[in-house]
Amino acid sequence: MPLAIRAAGAALHYVKETKKQTLDYISSIRPYRVQDFMFIDSFTRRNLELTEKITGEYEGSLLSVLDETCTPMGARLMREYHV
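Here the sequence shown stands for residues 1 to 83, numbered as in the UniProt record's numbering.
This is the structure:
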């Protein structure tokens, strides 16, 4: 864990230096454990239509329903969080 703490500190320092502003919006950093997440294989993801319908269309997929983001970066983060 000490290496993870150092890596997080280095990442925060880098962001603070490059953004040239405070990072008050970051209140905590915590590690995630792999066992806290569920792995879904590609066949199951396709059949659940998480990111696109079986026909290949984005509209009508679960992600298209959940995606209320206003920016392209927000949409990318939404996709990353749910895929």
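Built from N, CA and C at the ideal position, the CB exists for glycine as well.
Quantities reported herein were computed from a predicted structural model and do not represent experimental measurements.
Taking 9 Å as the cut-off, the Cβ atoms of R46 and I54 count as close. Bounds of the alpha helix (DSSP H) holding S64 are 62-66. Shortest Cα-Cα distance from S42 to any of D36, E52, Q35 involves E52.
Under the DSSP assignment, E80 falls in the alpha helix (DSSP H) whose first and last residues are 72-82.
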